[in-house]
Amino acid sequence: MSKRSIDREPALIKDVLKKILKPKDLPMLALQVRLRQVWEETVGENLRQHARLVDFRNKTLWIEVTSNPLMQELHFLKSRVLTTMQQQLGETVIKDIRFRLS
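Just so you know, we're using the numbering used here here: the sequence shown kicks off at 90 and counts up by one.
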């Protein structure tokens, strides 16, 4: 058995997160969560199973797609998806969406 002190209380999650995350990282993490949420709402259940958000850099959303035909379909839908996401998030957040095969 470990010689850890029995009197020691469990750490609060907020205290652990403060040690791990820097305050400047929090807005970006919140944005990434929101981007994923808006992406999934925009493309719907069927597409999101085969096209997942993998990165967000320089105002560009990177989506990994499971097949070439689906990538072609998403290219056709790109302007509509981008417009919808910009309406949800603000026009300055996302400027482009790029697709790559997984």
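Each residue gets a CB set at the ideal place from its N, CA and C atoms; glycine is no exception. Note that the coordinates shown come from a computational prediction; the quantities given were computed from them, not determined experimentally.
Residue range of the beta strand (DSSP E) that Ile186 falls in? Translated into the one-based positions of the sequence shown, residue 186 becomes position 97. Note, Ile186: beta strand (DSSP E), Asp185 to Leu190.
Could you please give me the residues that DSSP links to Phe145 through a beta bridge? Position 56 of the sequence shown, counting from 1, holds the residue named residue 145. Paired residues: Leu150.
Within the continuous alpha helix (DSSP H) that includes Pro49, where are the two ends? Here the chain comprises residues numbered 90 to 191, so residue 49 is not present and cannot be evaluated.
Selected residue, minimal CA-CA separation from Thr181, among Gln161, Gln126, Glu98 and Thr172: Here residue 181 refers to the residue found at position 92 of the sequence shown. Looking from the CA of Thr181, the closest CA among Gln161, Gln126, Glu98 and Thr172 belongs to Thr172.
Comparing alpha-carbon positions, which option in Ile109, Ala100, Ser191 and Gln121 lies nearest Lys148? Numbered from 1 along the sequence shown, position 59 holds the residue referred to as residue 148. For the residues Ile109, Ala100, Ser191 and Gln121, the minimum Cα distance to Lys148 belongs to Gln121.
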